[in-house]
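Numbering (the numbering used here), first residue to last: 26 to 289.
No residue lacks a Cβ here, since even glycine has one placed at the ideal position from N, Cα and C.
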């Protein structure tokens, strides 16, 4: 009996020890489970951060690629703008050169206009300038009587002033052009307006040469009735069409006005 009680006591003791151990192990297991869950949560959190960083890197790479594309486009536009600046600079230089040339021509015009001022004011001469070409226009009634190619007294006086002015203009070819209206000639020495306009132009050329204008710069042309500046339907228009035009244009190989070049 005593032996049986001892066995029961030992069994009870062993049971107590096993239960305590079990609870301890179970507690340790719970803690490990909690630690594992905590690590799982931390790992998930870290994975989220890694994924976010990857997304940011991809976004940054995309932004970088976009910025590089924008940079190349900007560099292209900068090159185009530089080309435009260069072109504008060249155009500016050309415009400045053209302006200087225009001012030079205007100076020649003013010089000729000053020399012919009295004739212009009296209405015997008109002076125009267009694209570097100056034209001295004289009505035929000032120079010639109807159907004639002989220069009259008033015409000679006016042409004398023109000749004096032309002697002071260098570097120009001088072409005298005869024009008529469309009224047929009466025959005789001038069968048509061609002959009449040509004869009048030649008469003016000869007079200018006599008054000292360089003959190597002179030329004559007759245009008849075929270059009117007004309608031939009215007397006023026909009067405007009957004219002598002395055209001054740049001469090829002409020596420009100004001091002569030094001999070499």
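Residues that residue i bridges to, as DSSP identifies them
i: residue 221; result: Residue 221 pairs with nothing; no bridge assigned.
i: residue 160; result: 153 and 272
i: residue 197; result: 275
i: residue 203; result: 247 and 269
i: residue 296; result: Residue 296 cannot be examined here, being either before or after the span of the chain that is shown, 26 to 289.
Residue i in three-state terms, based on DSSP
i: residue 154; result: strand
i: residue 124; result: helix
i: residue 262; result: helix
i: residue 254; result: coil
i: residue 212; result: strand
i: residue 286; result: With a pLDDT of 33 at residue 286, under the threshold of 50, the modelled position of that residue is not reliable, and no figure is offered here.
i: residue 49; result: helix
i: residue 238; result: coil
Cβ shell of residue i (< 7 Å), same chain only, five flanking positions each side left out
i: residue 285; result: Residue confidence is low: residue 285 scores 34 on pLDDT, short of 50, so the model does not pin down where it sits. Its coordinate-derived value is still stated next. Closer than 7 Å at the Cβ level, and outside the excluded window around residue 285, lies no residue.
i: residue 227; result: 245
Cβ separation of residue i and residue j, assumed to be a contact under 8 Å, to the nearest whole Å
i: residue 246; j: residue 277; result: Not really, about 17 Å apart at Cβ, beyond 8 Å.
i: residue 233; j: residue 191; result: 7 Å
i: residue 183; j: residue 149; result: 5 Å
i: residue 249; j: residue 218; result: 4 Å
Contacts around residue i, its chain only, beta-carbon distance under 6 Å, and the 5 residues preceding and following it disregarded
i: residue 160; result: 153, 270 and 272
i: residue 274; result: 158 and 198
Same chain only: Cβ atoms within 8 Å of residue i, ignoring 5 sequence neighbours per side
i: residue 216; result: 210
i: residue 140; result: 186, 189, 190 and 193
i: residue 256; result: 262
i: residue 225; result: 165, 168, 169, 174, 203, 247 and 269
i: residue 238; result: 188, 191, 192 and 199
Beta strand (DSSP E) segments (min. 3 residues) lying fully within the stretch 64-99 | none
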